[in-house]
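According to the working numbering, the sequence shown holds residues 627 to 824 in order.
Ideal placement from N, C-alpha and C gives every residue a C-beta, glycine not left out.
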Amino acid sequence: MEDYPLNDHSTFGRDLASSLLSQQIWCWGRDIESCYGNLLKRYGFLRFEKPAGSRATSIYRLELTDSIRIILRGFGIFYGDDRRGGLFLPRFEFKPELMPASDLKEHFWFPADLPPLRLPRAEEAGACKEMLLGLVDWIGRYEAWIADGFGTTYRLDTLLDWNPEGAAVFPGDQLVGTWRRIRDEICEEPQLYVTAQG
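What follows is the structure, given as structure tokens:
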């Protein structure tokens, strides 16, 4: 485990973004159980309880607008946009994949429950980039809400037990800026993050 030097001006890239996303999903798990109550619900997420006897975790869904929604899972994030379709970002591989549906009517408790996913075709790369930007923008706004509402020490404390083997660790008080940096890279060098079909 090693803190990532945020003043490094080299390209952030997909590997570091994957580590950051995994850390972010860990943080959301801690936010559910925070001393302030369930912060995801406080932010506006709806919680869908797992089926009785299931080993799955609850599903959290947020309607950003009438046409855009986010669904959080421990294994990744779904971003649906009625204008562009659906995007799934796996937790351990910052590689957005598409699906035709912009909403998931059935709950996906496990990765196998997801509809078929695929890399974008060349003509879909722009729409994929826009959805990825929308998702990354929202994550940055969420972290700004955390910092404003609960102080930077809250996120630092959240990460005291975060100890990923062989992955970068990002300072909890710099997550807003780190997500902005990824957003800027997606804008400037989308090919680093959006892989189109051969």
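Host alpha helix (DSSP H) of residue i (start-end)
{"i": "Y669", "result": "L665 to Y669"}
{"i": "D657", "result": "G639 to I658"}
Where residue i falls: helix, strand or coil (DSSP)
{"i": "E689", "result": "strand"}
{"i": "E706", "result": "Reading off the sequence shown, one finds Gly at residue 706, where the question assumed Glu. Note: G706 maps to strand in three-state DSSP."}
{"i": "G798", "result": "helix"}
N- and C-terminal bounds of the beta strand (DSSP E) containing residue i
{"i": "L801", "result": "No beta strand (DSSP E) contains L801, which is instead part of the alpha helix (DSSP H) from L801 to E814."}
{"i": "G679", "result": "Run containing G679: none; DSSP gives neither H nor E here."}
{"i": "L785", "result": "First-last for L785: undefined, no H or E at that position."}
{"i": "L818", "result": "From DSSP, L818 is part of no beta strand (DSSP E); its letter is neither H nor E."}
Residue burial classification, residue i (beta-carbon count within 10 angstroms, cutoff 16)
{"i": "R668", "result": "exposed"}
{"i": "A748", "result": "exposed"}
{"i": "A793", "result": "buried"}
{"i": "F720", "result": "buried"}
{"i": "A738", "result": "exposed"}
{"i": "D657", "result": "buried"}
{"i": "Q650", "result": "buried"}
{"i": "Y780", "result": "buried"}
{"i": "R687", "result": "buried"}
{"i": "C661", "result": "exposed"}
Review point. Residue ranges of each alpha helix (DSSP H) run of no fewer than 4 residues wholly in the region 714–782, ordered along the chain?
Key: The qualifying runs are 751–776.
Review point. Can you find at least 3 beta carbon pairs, one from the region 777–796 and one from the region 667–682, that sit closer than 8 Å?
Key: The region 777–796 makes no contact with the region 667–682: fewer than 3 CB pairs, one atom from each, lie closer than 8 Å.
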